[in-house]
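Each remark here refers to the structure printed beneath this line.
2 protein chains.
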Amino acid sequence: MPRTAAKPIAPTLPTAPLIVSTHAAQIIAALRKREAISRTDLARLTGWSRPKVTGEVGKLAKRSLLVESGEGASQGGRRPRLLKFNHELGYIVGVDIGATSMDIAVADLNAQVLLRDSGPADVRDEPLELLGEAKRRALALLARRDIRPKQVLGVGVPGPVDFIKGVLVAPPLMPAWEGFSIRGYFHPIFPSAFIAVDNDVNLMALGELKGGAGLGQDDFIFVKIGTGIGAGIVCHGVIHRGHTGSAGDIGHICADHQGPICRCGNVGCLEAMAAGPAIADRALAAAQNGASPILAHKLAVGQGVLRAEDVAAAVREGDHAAIEIVQRSGQLIGDVLAGLVNFFNPSLILVGGGVATIGNQLLASIRQAVLRRSTALATRELIVSYSPMGGEAGVTGAIHLALEHLFVVQAKPSGV
Amino acid sequence: MPRTAAKPIAPTLPTAPLIVSTHAAQIIAALRKREAISRTDLARLTGWSRPKVTGEVGKLAKRSLLVESGEGASQGGRRPRLLKFNHELGYIVGVDIGATSMDIAVADLNAQVLLRDSGPADVRDEPLELLGEAKRRALALLARRDIRPKQVLGVGVPGPVDFIKGVLVAPPLMPAWEGFSIRGYFHPIFPSAFIAVDNDVNLMALGELKGGAGLGQDDFIFVKIGTGIGAGIVCHGVIHRGHTGSAGDIGHICADHQGPICRCGNVGCLEAMAAGPAIADRALAAAQNGASPILAHKLAVGQGVLRAEDVAAAVREGDHAAIEIVQRSGQLIGDVLAGLVNFFNPSLILVGGGVATIGNQLLASIRQAVLRRSTALATRELIVSYSPMGGEAGVTGAIHLALEHLFVVQAKPSGV
Chain V
215 MPRTAAKPIA
225 PTLPTAPLIV
235 STHAAQIIAA
245 LRKREAISRT
255 DLARLTGWSR
265 PKVTGEVGKL
275 AKRSLLVESG
285 EGASQGGRRP
295 RLLKFNHELG
305 YIVGVDIGAT
315 SMDIAVADLN
325 AQVLLRDSGP
335 ADVRDEPLEL
345 LGEAKRRALA
355 LLARRDIRPK
365 QVLGVGVPGP
375 VDFIKGVLVA
385 PPLMPAWEGF
395 SIRGYFHPIF
405 PSAFIAVDND
415 VNLMALGELK
425 GGAGLGQDDF
435 IFVKIGTGIG
445 AGIVCHGVIH
455 RGHTGSAGDI
465 GHICADHQGP
475 ICRCGNVGCL
485 EAMAAGPAIA
495 DRALAAAQNG
505 ASPILAHKLA
515 VGQGVLRAED
525 VAAAVREGDH
535 AAIEIVQRSG
545 QLIGDVLAGL
555 VNFFNPSLIL
565 VGGGVATIGN
575 QLLASIRQAV
585 LRRSTALATR
595 ELIVSYSPMG
605 GEAGVTGAIH
615 LALEHLFVVQ
625 AKPSGV
Chain U
215 MPRTAAKPIA
225 PTLPTAPLIV
235 STHAAQIIAA
245 LRKREAISRT
255 DLARLTGWSR
265 PKVTGEVGKL
275 AKRSLLVESG
285 EGASQGGRRP
295 RLLKFNHELG
305 YIVGVDIGAT
315 SMDIAVADLN
325 AQVLLRDSGP
335 ADVRDEPLEL
345 LGEAKRRALA
355 LLARRDIRPK
365 QVLGVGVPGP
375 VDFIKGVLVA
385 PPLMPAWEGF
395 SIRGYFHPIF
405 PSAFIAVDND
415 VNLMALGELK
425 GGAGLGQDDF
435 IFVKIGTGIG
445 AGIVCHGVIH
455 RGHTGSAGDI
465 GHICADHQGP
475 ICRCGNVGCL
485 EAMAAGPAIA
495 DRALAAAQNG
505 ASPILAHKLA
515 VGQGVLRAED
525 VAAAVREGDH
535 AAIEIVQRSG
545 QLIGDVLAGL
555 VNFFNPSLIL
565 VGGGVATIGN
575 QLLASIRQAV
585 LRRSTALATR
595 ELIVSYSPMG
605 GEAGVTGAIH
615 LALEHLFVVQ
625 AKPSGV
């Protein structure tokens, strides 16, 4: 006599990743690409018999992964009932943490943003403090729509991470984060969710790929210039993370064999010579040694501190020293990118990050150096531009990262 | 009354690329991965009904794309009849042209090499002369097994090409080849074949990927050091050609901002400073200025010419000047590769080409420079070694390139 397990009465919420068979995954993929689809069209697409389609659809409907969605146009007979992916099955939380700000968005399973919040943050804070702030803001957002944390099926968060483990690895500017588990932190808060963590510039590249200038681009590079310099690489239409997850780590490529010693111990690293702090140092020197009266004035007004905005303003005012400083940074970055363009032959380079707000002079210098030093064939159709999504790229990427991990396909052992 | 078309009596040979439906492609893919498979297992894999499997199998059998292959083990009932991919449907010709040699191989559709030929060639010859030599040798090879040129379904050939069009683009060392159509040349000779052309180092990378050290490696770089320096990139398990097909063109990456002017017009290109001619120039200088009595002796014996083998021999004899020359080359190449390792984070770098025969000193210097200048995370599991396939890599890659283009999948317009 077969044993019958007691069935739970309360419906259980799904838990990500949702494990599906290869055949179920085919149906879900077809549904996610379209508004709605009939059973007949599903049969045509898969090559399966109608009973097989009905069986697979039934299994997915039972798990609430697809729902009926009205009727389609008649093909001569009865109007077919349509099926669609249940994008209201749960929610996705995307987090983006910049050096001084934090963006949070809540989206449905179609990546449609329903709620968003943006505010200041300090990345130098301890992990528990910074993530605590992210948690409070995310829960407050969800509460606005009466969404329970258990309904969140995916969370995307930035971090200089070991992508596989979801823990941070030796982040040079954030020593307190070494080995900290972001996944471990968020799991108790969102128990049904898969917590996906990736570094900030990979998220930005993913954001542009899914909803920005990278749409339809197979091979492109997103370069973030801020306190450091890093790149997110899209190759064959997906994020390229490399063998140990460190791809895109271009800040320590040598820009000048005669350059200064970097904090990493090597000579002439791009980051040490061209990122935000290098620009600030050179601006400070120009303000103090009389090369730039405009910067000297801004230094006095700013109580001994020069920010990127000050250098940007000086450039707009036509200050030669400031222009020279920005051009020098752009040229160094462009020289390194030129080599990467020869190697990788992308269709597009997008420049973002805090220093990108410094104005068009930087982009012009980067572009000039790339065009001068790359081969003609590699630059024939290359576009170099600022990231059009700007601050939106990171949080959009975080949502898509979590969505990419929503399903795990498990092949049935078939013995063949 | 249905009209009946007159059927041709003589069987027509297939012509590549073989156009198949998405469903037929699924069966072929399953067959190519396995020795043999039963209809029952095919049904299980695809999710199709038995009649559907029988129908698709029948269509493919009619085109001789699959054949019956004995019986499998009984699963309790009748022993199932097995099907296998018909790898004897036609043949593939792979060609590899080096600076001084030409390799040709004939393989079946499983990439099993049946016949091979290797001999001298001069890449500086006119296209018609060089390819005429390839044609004569290929036809002679085929004749040994009574294979008719019409039975050849694919030809893989190297060339610095516009991959899409199969014509050469601005090859700096071979001006007579500009715009020459390799595909146009071979088409009348092998009228049933798809002629696939790619640059030599992409073929070498593909050879290593399919049958050498690259087996199972998702992300690696093959570096060819000869008269020039180029790289073949494997990303996510396939050759990465880039947006305009010029990916891997690393010879003109800047190795030294204070370096000599390259024939491309830029300063300090890697190729100008570290490839074969640069090594030869420096060896010649060392022979003439008294720095190396050993090289001076070899120069006298060689009647005023020093070859890579002479430098290699001098290194083995412990000649300081020769060692220093090779180390300098390796260091420059390693410095450039270090930047590419930070960017791309490969698991493996394979070094091949004529200069690779110069000995282990070169590899040691490359490795040292890469380890010194790349980030710890990127080199944690990185292997840098000589290409184990050596001269076989190119011709193996040429065969696989042609095989990759054997089938074209055409989706039926389904209206969904």
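Going line by line, the protein sequences match chains V and U. Using our numbering, the final residue of the first sequence is 630, and nothing's skipped along the way. Using our numbering, the final residue of the second sequence is 630, and nothing's skipped along the way. Positions of the beta carbon are idealized from the N, C-alpha and C atoms, including for glycine. All figures in this text were calculated on a predicted structure; none of them were measured in a lab.
Nearest residue (CA-CA) to residue i, options the options
i, options, result
"U:Val437", "U:Leu429, U:Gln431, U:Gly430, U:Ile447", "U:Ile447"
"V:Val320", "V:His401, V:Leu617, V:Val519, V:Val623", "V:Leu617"
"V:Ala410", "V:Ala625, V:Val623, V:Ile613, V:Gln624", "V:Ile613"
"U:Gly333", "U:Leu323, U:Arg351, U:Arg292, U:Gln326", "U:Arg351"
"V:Asn416", "V:Phe400, V:Val371, V:Tyr399", "V:Val371"
"U:Leu348", "U:Leu328, U:Asp310, U:Lys364", "For the sequence presented, residue 348 of chain U should be read as Ala rather than Leu. Among U:Leu328, U:Asp310, U:Lys364, the Cα nearest to that of U:Ala348 belongs to U:Asp310."
"V:Leu342", "V:Ser315, V:Ala492, V:Ile396, V:Leu329", "V:Ile396"
"V:Asp317", "V:Phe394, V:Asp331, V:Ser460", "V:Asp331"
"V:Asn413", "V:Glu595, V:Gly462, V:His450", "V:Gly462"
"V:Leu345", "V:Leu585, V:Lys247, V:Phe394", "V:Phe394"
"U:Arg248", "U:Asn324, U:Phe404, U:Leu303", "U:Asn324"
"U:Gly451", "U:His457, U:Gln472, U:Leu429, U:Glu538", "U:Leu429"
"V:Ala570", "V:Ala357, V:Cys476, V:Thr441", "V:Thr441"
Buried versus exposed call for residue i [16 or more other C-beta atoms within 10 Å across all chains shown]
i, result
"U:Gly548", "buried"
"U:Gly553", "buried"
"U:Ile241", "buried"
"V:Ile378", "Low local confidence applies: a pLDDT of 48 at V:Ile378 is under 50, so the model's placement there is unreliable, with the coordinate-based value given in what follows. Its Cβ having fewer than 16 others within 10 Å, V:Ile378 is exposed."
"U:Pro507", "exposed"
"U:Pro439", "In the sequence as displayed, the identity of residue 439 of chain U is Ile instead of Pro. Per the 10 Å Cβ criterion, buried."
"V:Glu606", "buried"
"U:Ser575", "The question names Ser, but residue 575 of chain U is Gln in the sequence shown. Buried, by the Cβ-count rule."
"U:Gly373", "buried"
"V:Gly608", "buried"
"U:Gln541", "buried"
"U:Thr593", "buried"
"U:Val565", "buried"
Rounded C-alpha distance that separates residue i from residue j
i, j, result
"U:Gly567", "U:His534", "24 Å"
"U:Thr260", "U:Thr254", "10 Å"
"U:Arg455", "V:Phe558", "8 Å"
"U:Lys298", "U:His466", "47 Å"
"U:Ser288", "U:Pro294", "7 Å"
"V:Val443", "V:Leu484", "This sequence places Ile at residue 443 of chain V; Val is not what is there. Going from the Cα of V:Ile443 to the Cα of V:Leu484 covers about 8 Å."
"V:Gly421", "V:Asn503", "43 Å"
"V:Gly544", "U:Ala469", "19 Å"
"V:Ile572", "V:Ala536", "11 Å"
"V:Ala257", "U:Ala238", "16 Å"
"V:His401", "V:Asn556", "43 Å"
"U:Val267", "U:Ile233", "19 Å"
"V:Glu282", "V:Gly425", "28 Å"
"V:Gln431", "V:Ala407", "30 Å"
"U:Val623", "U:Pro231", "9 Å"
"V:Gly235", "V:Ala275", "For the sequence presented, residue 235 of chain V should be read as Ser rather than Gly. Each residue's Cα considered, the two are about 14 Å apart."
"U:Gly482", "U:Leu551", "15 Å"
"V:Tyr600", "V:Ala445", "13 Å"
"V:Ser460", "V:Ile453", "12 Å"
"V:Gln472", "V:Asn480", "11 Å"
"U:Glu285", "U:Leu620", "28 Å"
"U:Ser315", "U:Ile563", "24 Å"
"V:Val271", "U:Ser278", "36 Å"
Interface residues of the region 261–281 of chain V facing chain U [CB-CB below 7 Å]: Gly261, Trp262, Ser263, Lys266
- request: Would you check if there are 3 or more beta carbon pairs closer than 8 Å linking the region 329–343 of chain V to the region 390–403 of chain V?
  value: yes
query: What residues from the region 577–600 of chain U come within 7 Å of chain V, judged by C-beta to C-beta, listed N to C?
result: Arg587, Thr589, Leu591, Ala592, Arg594, Glu595
task: Taking only beta carbons into account, state which residues of the region 552–567 of chain U come closer than 7 Å to chain V, listed in chain order.
output: Gly553, Leu554, Asn556, Phe557, Phe558, Asn559, Pro560, Ser561
message: Using 8 Å as the cut-off, can you tell me whether the region 517–533 of chain V makes contact with the region 483–501 of chain V, which would need three or more C-beta pairs spanning the two stretches below that distance?
response: Contact between the region 517–533 of chain V and the region 483–501 of chain V is present: 3 or more CB-CB pairs across the two stretches fall below 8 Å.
- prompt: What are the residues of the region 493–525 of chain V that lie near chain U, defined by any Cβ-Cβ distance shorter than 7 Å?
  reply: none
- prompt: Taking one C-beta from the region 505–523 of chain V and one from the region 490–497 of chain V each time, how about it: are there three or more such pairs within less than 8 Å?
  reply: yes
query: Name the residues in the region 456–469 of chain V whose C-beta lies less than 7 Å from a C-beta of chain U; which are they?
result: From the region 456–469 of chain V, only Gly456, His457, Thr458, Ser460, Ala461, Gly462, Asp463, Ile464, His466, Ile467, Cys468 have a Cβ closer than 7 Å to chain U.
query: Name the residues in the region 429–454 of chain V whose C-beta lies less than 8 Å from a C-beta of chain U; which are they?
result: Asp432, Asp433, Ala445, Ile447, Cys449, His450, Val452, His454
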